[in-house]
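Peer 1: Numbered according to this note's numbering, the sequence shown spans residues 1363 to 1820.
Let me begin by handing over the structure; questions about it come next.
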Amino acid sequence: MSQHTQTRCGVQLAMHSMTAVTFLRPTTSMATARYGKSPSIYSYHTVIPPGSIGAHSPLDIQTKWNSHPHPEGQLYFHRRHPNYDVVTEANIRRQETENRVTGCLKLIDDTISQQQIIVPPSSELFIELDESPLSCAYYFVNHDTRRMFWLEQTSTELLDMGTIVSDSHLERLYWVHVEFFPMHMYAQVSPQVVDDLIGVMSHGAADRLTSRSSTFPYTAEKCSQLLQLLSLQRGRTLDGHTLCFVARLWGAIENQRFMTYYGQEHAQLDRLQIMMPEEDMDHQWVKTIANSALWGIPDRYFFKLHELFANEQVFVDQWQTFMTACVSEWHTAVVWTFPVMIATILSCLLSRASLTSALPSILSASGSLATGSILLLKHHGLEDATASFAARYLRAAKSRSIGMLPSAIVFSLPKGLCLWSIVFMVAHFLLLASHVVGGLAMFGGACFLIVLVWAALR
């Protein structure tokens, strides 16, 4: 009889067989290696026998596993266990793999029996083999309650799920599982999920159309396109392909509900509503100096970045609009700065010109060209980035002490330096003109320039 010990990260079993699975690792549907695999495919020639070849049966007679290709193409296997269904992406057709999966099932059954755990009949088990032959990852889902569960006590921190305020927020993980394994369960799912989704999407579209700070994840235009697809499936029997994209949409909606505390006492009703306490920004003097030196542009960028990453959430349409505007501004600054620098350099060829008075304009223009070009190269293509990429980008850019101020200053440099290059160029030309028309004209022009700069900085 094996000796059973329970740990915080899994269930450990001391077994005599070196090939037996001895460790179960809890995981979630969003933490599997589904999209992280890097297989090597080898093609080959084969002999085709004469005559008609019968259709391949999805049921493997020897292993009792049914094989199903996912709509995306990933093959997975399903079988009915005495007390629950089992799915896995491990290739059961290989004897060694089947033996490992069978070892996982035996360990799970032994754990259920020893701890007297009641597994609901509507449950489904997912198994993923680890690199180590002695361990495997797993989770259960309950189709009736649309929840995920495990055989031991675990935590959202250990599962890398982030903080939650209610167990109802775990439903998003259920829909991800359904999206990944839809081809065998479509008959068990009520077509009502399509009607419910149409209602949710319709409300989301209306909310987007009537509110500039809606928390719904899809734009009104995207909702309209998705509603057209869903309307084609209304009243029809579900199939695996339909269930796959319906589950994907439900997963996205449940994820957004998870982020906005849907159904809780204090739900986030506005995209810009701050739900968590924010730390006061240190070094306010840095912001003051930056705004004074760069025409107040950093303050505008700081405000936009703060709104864009409110509650550390990113709405992809807001990110794309912001980044498109940034790229346009940087490009405009580069385009305008280049002729300013050329004009200033050419003016130095005049007999009475002073290189000293031209140098500030040249240096400012060079800084604008350099920072603008670097920012354009670094952010090329980010106008079409996904929300997850944008969130990672902004999280890495955010300082603990001064928030988004470093990024706000850097984003302001091309335009700010461009404006200074124009100011210095005008000053240089006024100095040059004073040698021709006299100091009085220079004084009047300088006064005008000072008033212009003062008005711009207000």
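Note that beta-carbon positions come from the ideal geometry of N, C-alpha and C, so glycine has one too.
Could you give the distance in angstroms between the alpha-carbon of residue 1791 and the alpha-carbon of residue 1783?
Peer 2: The residue labelled residue 1791 in the question sits at position 429 within the sequence shown. The residue labelled residue 1783 in the question sits at position 421 within the sequence shown. Cα to Cα, the separation comes out at about 12 angstroms.
Peer 1: For residue 1614, which option in 1712, 1750 and 1388 has the closest C-alpha, if you only look at C-alpha atoms?
Peer 2: Residue numbering aside, residue 1614 sits at position 252 when the sequence shown is read from its first letter. Checked all of 1712, 1750 and 1388; the closest Cα to residue 1614 is 1750.
Peer 1: State buried or exposed for residue 1423, treating a residue as buried only when at least 16 other CB atoms are found within 10 Å of its CB.
Peer 2: Sequence index remark: in the sequence shown, residue 1423 carries index 61 (1-based). With a pLDDT of only 48 at residue 1423, under 50, the local geometry of the prediction cannot be trusted, and the value read off the model is given with reservation. The residue is exposed, with fewer than 16 neighbouring Cβ atoms inside 10 Å.
Peer 1: Taking only runs that begin and end inside the region 1637-1670, name each unbroken alpha helix (DSSP H) of 4 or more residues, in chain order.
Peer 2: 1646-1655 and 1659-1670
Peer 1: Quick one: what does DSSP say residue 1679 is sitting in, helix, strand or coil?
Peer 2: Here residue 1679 corresponds to residue number 317 of the sequence shown, with the count starting at 1. It is helical.
Peer 1: Cβ of residue 1631 less than 9 angstroms from any chain C Cβ?
Peer 2: Of the protein chains in the structure, only one exists, and it is not chain C.
Peer 1: Less than 9 angstroms between the beta carbons of residue 1555 and residue 1612, yes or no?
Peer 2: As a first step, residue 1555 is located in the sequence shown; it is residue number 193 there, counting from the start. As a first step, residue 1612 is located in the sequence shown; it is residue number 250 there, counting from the start. Yes, Cβ-Cβ distance for residue 1555 and residue 1612 is below 9 angstroms.
Peer 1: If you count every other CB in all the chains shown that lies within 10 Å of the CB of residue 1486, and 16 or more means buried, which is it?
Peer 2: What you label residue 1486 is simply residue 124 of the sequence shown in a count that begins at 1. Buried, by the Cβ-count rule.
Peer 1: Does the region 1708-1715 come close enough to the region 1725-1739 to have 3 or more Cβ pairs within less than 8 angstroms?
Peer 2: Because the criterion of three Cβ pairs below 8 angstroms is not met, the region 1708-1715 and the region 1725-1739 do not touch.
Peer 1: On the three-pair Cβ rule with 8 angstroms, is the region 1580-1596 touching the region 1564-1571?
Peer 2: yes
Peer 1: On the DSSP bridge list, what partners appear for residue 1489?
Peer 2: Your numbering for residue 1489 matches position 127 in the sequence shown. BP columns for residue 1489 point to 1450 and 1500.
Peer 1: Give me the Cα-Cα distance between residue 1590 and residue 1758, rounded to the nearest whole angstrom.
Peer 2: By 1-based counting over the sequence shown, the position of residue 1590 is 228. By 1-based counting over the sequence shown, the position of residue 1758 is 396. Their Cα atoms are separated by approximately 38 angstroms.
Peer 1: Rank 1474, 1506, 1535 and 1488 by C-alpha distance to the C-alpha of residue 1513 and give the top, closest one.
Peer 2: As a working mapping, residue 1513 is identified with position 151 in the sequence shown. Looking at the Cα atoms, 1474 is the closest of the given residues.
Peer 1: Put residue 1765 into one of helix, strand or coil per three-state DSSP.
Peer 2: Within the sequence shown, the letter at position 403 stands for residue 1765. In this structure, residue 1765 counts as strand in the three-state DSSP scheme.
Peer 1: Give the secondary structure of residue 1428 by DSSP, where H, G and I count as helix, E and B as strand, and everything else as coil.
Peer 2: Walking along the sequence shown from the start, residue 1428 turns up at place 66. Assigned with DSSP and collapsed to three states, residue 1428 falls in strand.
Peer 1: My output table needs one value for residue 1385: the three-state DSSP class, helix, strand or coil.
Peer 2: As a first step, residue 1385 is located in the sequence shown; it is residue number 23 there, counting from the start. In this structure, residue 1385 counts as strand in the three-state DSSP scheme.
Peer 1: Alpha carbon to alpha carbon, how far is residue 1411 from residue 1532?
Peer 2: Against the sequence shown, residue 1411 aligns to sequence position 49. Against the sequence shown, residue 1532 aligns to sequence position 170. Taking the straight line joining both Cα atoms gives about 52 angstroms.
Peer 1: Indicate whether residue 1495 and residue 1383 have their beta-carbon atoms separated by less than 9 angstroms.
Peer 2: For the purposes of this step, residue 1495 is identified with residue 133 of the sequence shown, where counting begins at 1. For the purposes of this step, residue 1383 is identified with residue 21 of the sequence shown, where counting begins at 1. Yes, the pair counts as a contact, with Cβ atoms nearer than the cut-off.
Peer 1: Go through its chain and collect everything with a Cβ distance to residue 1665's Cβ below 8 angstroms, but skip five positions before and after it.
Peer 2: To locate residue 1665, count along the sequence shown from 1; it is residue 303. Here the set comprises nothing.
Peer 1: On the CB-based measure, 16 or more other CB atoms within 10 Å of its CB, does residue 1465 come out buried or exposed?
Peer 2: As a first step, residue 1465 must be located in the sequence shown, where it is residue number 103. So residue 1465 ends up on the buried side.
Peer 1: Using C-beta distances below 6 angstroms, list every residue in its chain close to residue 1660, excluding the 5 sequence neighbours before and after it, in chain order.
Peer 2: Locating residue 1660 in the sequence shown gives position 298, where the first residue counts as 1. So the qualifying residues of the chain are 1652, 1653, 1770, 1771 and 1774.
Peer 1: For a minimum of 4 consecutive residues, which ranges assigned as the alpha helix (DSSP H) are wholly contained in the region 1558-1615?
Peer 2: 1582-1595
Peer 1: Alpha carbon to alpha carbon, how far is residue 1511 from residue 1447? Give it in angstroms, no decimals.
Peer 2: For the purposes of this step, residue 1447 is identified with residue 85 of the sequence shown, where counting begins at 1. For the purposes of this step, residue 1511 is identified with residue 149 of the sequence shown, where counting begins at 1. Residue 1447 and residue 1511: Cα-Cα distance of roughly 14 angstroms.
Peer 1: Does the Cβ-Cβ distance between residue 1428 and residue 1539 come in under 9 angstroms?
Peer 2: Along the sequence shown, one-based indexing puts residue 1428 at 66. Along the sequence shown, one-based indexing puts residue 1539 at 177. Cβ atoms of residue 1428 and residue 1539: not closer than 9 angstroms.
Peer 1: Please report how far the alpha carbon of residue 1461 lies from the alpha carbon of residue 1476, in whole angstroms.
Peer 2: In the sequence shown, the residue the question calls residue 1461 occupies position 99. In the sequence shown, the residue the question calls residue 1476 occupies position 114. For residue 1461 and residue 1476, the distance between alpha carbons rounds to 22 angstroms.
Peer 1: Can you grab the Cα-Cα spacing for the pair residue 1722 / residue 1744, in whole Å?
Peer 2: Stepping through the sequence shown from its first residue, residue 1722 is reached at position 360. Stepping through the sequence shown from its first residue, residue 1744 is reached at position 382. Between the C-alpha atoms of residue 1722 and residue 1744 there is a straight-line separation of about 33 angstroms.
Peer 1: Just the Cα atoms here: how many angstroms apart are residue 1624 and residue 1648?
Peer 2: Locating residue 1624 in the sequence shown gives position 262, counting from the first residue. Locating residue 1648 in the sequence shown gives position 286, counting from the first residue. About 38 angstroms.
Peer 1: Who does residue 1510 pair with in a DSSP beta bridge?
Peer 2: Working through the sequence shown from its first residue, we reach residue 1510 at position 148. For residue 1510, which the question treats as bridged, DSSP gives the partners 1503.
Peer 1: Compute the Euclidean distance between the alpha carbons of residue 1617 and residue 1534, then round it to the nearest angstrom.
Peer 2: Position 255 of the sequence shown, counted from the first residue, corresponds to residue 1617. Position 172 of the sequence shown, counted from the first residue, corresponds to residue 1534. Taking the straight line from one Cα to the other gives about 6 angstroms.
Peer 1: Are the CB atoms of residue 1501 and residue 1391 within a distance shorter than 9 angstroms?
Peer 2: Here the question's residue 1391 lines up with position 29 in the sequence shown. Here the question's residue 1501 lines up with position 139 in the sequence shown. Cβ distance < 9 angstroms, so residue 1391 and residue 1501 count as in contact.
Peer 1: Quick one: grab the DSSP three-state call for residue 1441.
Peer 2: Numbered from 1 along the sequence shown, position 79 holds the residue referred to as residue 1441. The answer is strand: DSSP assigns residue 1441 an E or B state.
Peer 1: By DSSP, does residue 1518 sit in helix, in strand, or in coil?
Peer 2: The sequence position of residue 1518 within the sequence shown is 156, counting from 1. Note: residue 1518 maps to coil in three-state DSSP.
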